[in-house]
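J.: Residue numbers (the working numbering), protein chains in the order written: chain A, 176 to 508; chain B, -7 to 283. Structure incoming, see below.
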Amino acid sequence: MTATGKYLRIALGIAVIAALIIVPMNFNRYGLYILSQWAVMTIAAMGLNLTLGYAGQVSLAQGAFVGIGAYAAAIMTTQGGMPLIAALGVAIVLCFAIGWILGYPALRVQHHYLAFVTLAFSTLAFLVFRNEDWLTKGIYGISNIPRPNVMGFATNRPLPFYYFCLGSLALVSLAMWWLIRSPWGRAFVALRENPVRALSLGIDTRRYTLMAFAIGSALGGVAGTLYAPLTQYIDPVPFNLSLSLDLLMMVIVGGSGFFFGPFLGAMIAVLLPEWLRFTQGYYLMLYAVAVMLLLIYSPTGILGILDRYLAERRTKAASALRAVAKSRLETAP
Amino acid sequence: MSNLLDLLVAGLATGAIYALVAVGFTLLWQTSQTINFAQGEFVMLPAFLMLAVMHAGAPFWLAIILGILLSLLLLGLGFKLLLVDPMLRHGVLPLAIATMALAIGMKEAVKQFFSAEASPFPSIVPAGDVSILGTVVSLQSLGVLALAIAVVIGLTMLLNRTSIGHQMQATAQNPTVARIIGVPVERMILMTFLINAFLVALASLLITPIYLAKFSSGEVLGQAAFIAAIVGGFNQVRGAIAGGLLIGVVDNLAAAYVSTQYRAAVPLILLIVIILFRPQGLLGRPEERTV
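What follows is the structure, given as structure tokens:
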């Protein structure tokens, strides 16, 4: 990495963050809602990216964890009158614990069975949301979910709430950045690349598999606690299996195992259908075709294309340097 | 208890349809490592193809034939050439995600070009009841069961008794060795895609009169077939058949004796228990962990 490349990256990062803060200022209510949704879904997808992209465990239950977080927030803030931060704590602990327990079957068998167990769990969670009326109000849903006060500022209006979501996304991103550079993050990658070798190098693969899955699930819960005050009304429908599949699609489309993959994937999944709305009834169809074409062109997702391009340029630059060095040797007396 | 027999027959009938879908699912997995998340939508579509042909004025029998042919073309050949072939070498997961996108696309296409409402679909088995051992059993269930069993027997004969079947099994078990001993592996893989398309078209023909033709009907069906395949054994055709029948019966009995609210939970709990205690499925072979 050259110094200019590094500065270029930092400048690009600052520009994107500034744009995310300044540009939405004159967005309407709906635009801000969609952008907030993007931030929330990015958090959930980041959790799944940790589980799938870094630790290599396929989960089809991330949507269920978003649901658990959302219901925790909705129930605690409406019926309990508690602040959202308390709900956040409960959601994280709950999702972490359930994720940990759910990870156990994965230890016994090959990894694609975890996908099946989580698929079953996802549907079971949906049934509980729908049928346990005493807790979740069933199909009638929970309405009038309050938005929180953050350090004295009310976030009832769309713009402050968007900043609240963006701030949460920033915090989660920083935590994730730190996590994947920590020894834990390295152990997760070792687990993905070759579990047997990781084991022989002294990594407790059992514990790290469970850990990756539980942390990813907890982030789903975090996204859920933001989702409930965002929509201010929740019912079981958004948390069925298709949300889990959507989140998985976001991670793969963005580029699984890349830090910024979930950001792009959530952008495609949340914003692209909105941009295609002018085609009316066709927009989801076009979205599906776009996803398929992208995956045919680059199965490693959008960042996979970039990665390939950069790798090619690097090899070209290296071979050019080699050629220069060689010609110098030849012309030397 | 008098309706236990009826429940059992109805369960076996839906189970036999699940088995058809699950068999196609496992065949694709075995020969080409394709986890087809659009399998449920594959069952949904042929009914609409047949309805479209009938709307054009064709009689029912012609609609069935054309519907099956179109399914072979679109869901067999088209699916393999356009989606599976370009993606296969990149591993299991991107292809699985692409089939999820395909499922969304198929649902939306049917909703947009046909109808968002449920449409009635004619039954190839006449309605009515017959009396067996003193209890009344619906003729439709019996007809569906008989037809599905006939297809399953036919398929098993094809796989176990004919040369093509043996070549397909060889392809599924070890493509490299199969290629060395002269099996046209590519053609065999194409064959499994065509068989899958045929099976889903047939399942569509059998199940749509019971549940109506609706763009979203594939979701439940796909999941049932998926569970059936895992419960029975992901790498065995007869496992998928047993799994399908079991899930059909369990589902029907759960609806009657457990609770209608949690009927969908019973097969899922069965799935989790099976994965915990017998991960290779009831009739499956254990897969070795590769280093």
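All C-beta atoms in this analysis are idealised placements derived from N, C-alpha and C, irrespective of residue type, glycine included.
Keeping to the same chain, check which residues put their C-beta closer than 6 Å to that of ALA164(B); ignore five residues upstream and five downstream.
T.: These residues qualify, in order along the chain: GLN22 and THR23.
J.: Among GLY59(B), LEU85(B), LEU87(B) and GLY97(B), which has the Cα closest to the Cα of TYR458(A)?
T.: When each option's Cα is compared against that of TYR458(A), the closest is GLY97(B).
J.: Going along the chain, which residues of the region 464 to 492 of chain A sit with their C-beta nearer than 7 Å to a C-beta in chain B?
T.: So the close ones are VAL464, VAL466, MET467, LEU470, ILE471 and PRO474.
J.: Can you give me the Cβ contacts of ALA389(A) inside the same chain, cut-off strictly under 6 Å, excluding the 5 residues immediately before and after it?
T.: The residues are PHE271, GLY274 and TRP275.
J.: Out of MET251(A), LEU277(A) and PRO404(A), point me to the one whose CA is closest to VAL265(A)'s CA.
T.: It is MET251(A) whose Cα lies nearest to the Cα of VAL265(A).
J.: Could you tell me how far apart the beta carbons of VAL426(A) and GLN212(A) are, in whole angstroms, since I believe they sit closer than 8 Å?
T.: With 8 Å as the limit, VAL426(A) and GLN212(A) do not qualify as a contact, their Cβ atoms being about 17 Å apart.
J.: Please name the residues in the region 217 to 244 of chain B whose beta-carbon is closer than 7 Å to at least one beta-carbon of chain A, in chain order.
T.: Per Cβ criterion, the list reads ILE222.
J.: Hey, does THR298(A) have any beta-carbon neighbour from chain B nearer than 9 Å?
T.: Judged by the 9 Å Cβ criterion, THR298(A) is in contact with chain B.
J.: Going by DSSP in three states, ILE409(A) sits in which element: helix, strand or coil?
T.: ILE409(A) falls in the strand class under three-state DSSP.
J.: Can you confirm whether the region 354 to 367 of chain A touches the region 222 to 234 of chain A when touching is taken to mean that 3 or more C-beta pairs between the two stretches lie within less than 8 Å?
T.: With the cut-off at 8 Å, the region 222 to 234 of chain A and the region 354 to 367 of chain A touch.
J.: Using the three-state DSSP reduction, which class does ASP308(A) fall into: helix, strand or coil?
T.: DSSP places ASP308(A) in helix when its eight states are reduced to three.
J.: What does PHE363(A) touch in chain B if you count any residue whose Cβ is under 8 Å from its own?
T.: Simply none; closest approach about 17 Å.
J.: Identify the contact partners of HIS47(B) in chain C, using a Cβ-Cβ distance below 9 Å as the criterion.
T.: Reference to chain C is not applicable here, since the protein chains of this structure are A and B.
J.: For ILE89(B), which of LEU277(A), PRO258(A) and ALA290(A) has the nearest alpha-carbon?
T.: Answer by Cα proximity: ALA290(A).
J.: Please list the partners that MET510(A) has in chain B, where partner means a Cβ-to-Cβ separation under 7 Å.
T.: No information on residue 510(A) is available, as it lies outside the stretch 176 to 508 that chain A covers here.
J.: Starting from the beta carbon of ALA295(A), find every residue of chain B whose beta carbon is closer than 7 Å, and list them in chain order.
T.: Within 7 Å Cβ-Cβ: LEU260, LEU263 and ILE264.
J.: Secondary structure at ASP379(A), three-state DSSP: helix, strand or coil?
T.: Looking at ASP379(A) - three-state DSSP - the assignment turns out to be coil, as it is neither helix nor strand.
J.: Please go through the same chain and pick out, in chain order, the residues whose beta-carbon is closer than 6 Å to the beta-carbon of MET386(A), but skip the five residues on each side of it.
T.: Result list for MET386(A): empty, nothing under 6 Å.
J.: If you reduce the DSSP assignment to three classes, tell me which class ASN28(B) lands in.
T.: Looking at ASN28(B) - three-state DSSP - the assignment turns out to be coil, as it is neither helix nor strand.
J.: In whole angstroms, what is the alpha-carbon distance linking GLY396(A) and SER208(B)?
T.: Rounded to whole angstroms, GLY396(A) to SER208(B) spans 28 Å at the Cα level.
J.: By alpha-carbon positions, which one of GLY146(B), GLY49(B), VAL35(B) and GLY240(B) ends up nearest to LEU4(B)?
T.: Out of GLY146(B), GLY49(B), VAL35(B) and GLY240(B), GLY240(B) has the C-alpha closest to the C-alpha of LEU4(B).
J.: From GLY276(B) to GLN228(B), what does the alpha carbon distance come to, in whole angstroms?
T.: GLY276(B) and GLN228(B): Cα-Cα distance of roughly 6 Å.
J.: Between MET92(B) and chain A, is the shortest Cβ-Cβ distance under 9 Å, so that the two count as touching?
T.: Yes, contact with chain A.
J.: So what's ALA387(A) in DSSP terms, helix, strand or just coil?
T.: Here ALA387(A) sits in helix by DSSP.
J.: By a C-beta neighbour count over all protein chains shown, 10 Å radius and 16 as the cutoff for buried, is MET216(A) buried or exposed?
T.: Its Cβ being crowded by 16 or more others within 10 Å, MET216(A) is buried.
J.: Are the beta-carbon atoms of VAL117(B) and VAL136(B) separated by less than 9 Å?
T.: Yes, the pair counts as a contact, with Cβ atoms nearer than the cut-off.
J.: Determine, using beta carbons only, whether ALA300(A) and ILE243(A) come nearer to each other than 9 Å.
T.: Yes, the pair counts as a contact, with Cβ atoms nearer than the cut-off.
J.: Starting from GLN253(B), trace the alpha helix (DSSP H) in both directions and tell me its first and last residue.
T.: Counting along the chain, GLN253(B) falls outside any alpha helix (DSSP H), and DSSP gives it neither H nor E.
J.: In chain order, what are the residue ranges of uninterrupted beta strand (DSSP E) at least 3 long that sit wholly in the region 108 to 180 of chain B?
T.: Correct list: 121 to 124 and 127 to 130.
J.: Ignore the nearest five residues each way along the sequence and tell me which others in VAL175(B)'s own chain have a CB closer than 8 Å to its CB.
T.: Only GLN159, ALA162 and THR163 meet the Cβ criterion.
J.: So that I know if they touch, is there some Cβ in chain B lying closer than 9 Å to that of MET424(A)?
T.: Output row for MET424(A): interface = yes.
J.: Starting from ARG503(A) and walking both ways along the alpha helix (DSSP H), at which residues does that stretch end?
T.: ARG503(A) -> alpha helix (DSSP H) spans 477 to 506.
J.: Identify whether THR282(B) lies in helix, strand or coil by the three-state DSSP scheme.
T.: Residue placement at THR282(B) is poorly supported in this model, since its pLDDT is 42, which falls under 50; the coordinates still yield a value, given next. Three-state result, THR282(B): coil.
J.: Quick check: the Cα distance between LEU0(B) and TRP359(A), rounded to an integer number of angstroms?
T.: Approximately 52 Å between the Cα atoms of the pair.
J.: Looking at the unbroken alpha helix (DSSP H) that takes in MET216(A), where does it start and where does it end?
T.: 204 to 224 is the extent of the alpha helix (DSSP H) around MET216(A).
J.: Name the residues in the region 64 to 86 of chain B whose C-beta lies less than 8 Å from a C-beta of chain A; which are they?
T.: Against chain A - using a Cβ distance shorter than 8 Å - the residues of the region 64 to 86 of chain B are LEU75, PRO78, MET79, HIS82, GLY83, VAL84, LEU85 and PRO86.
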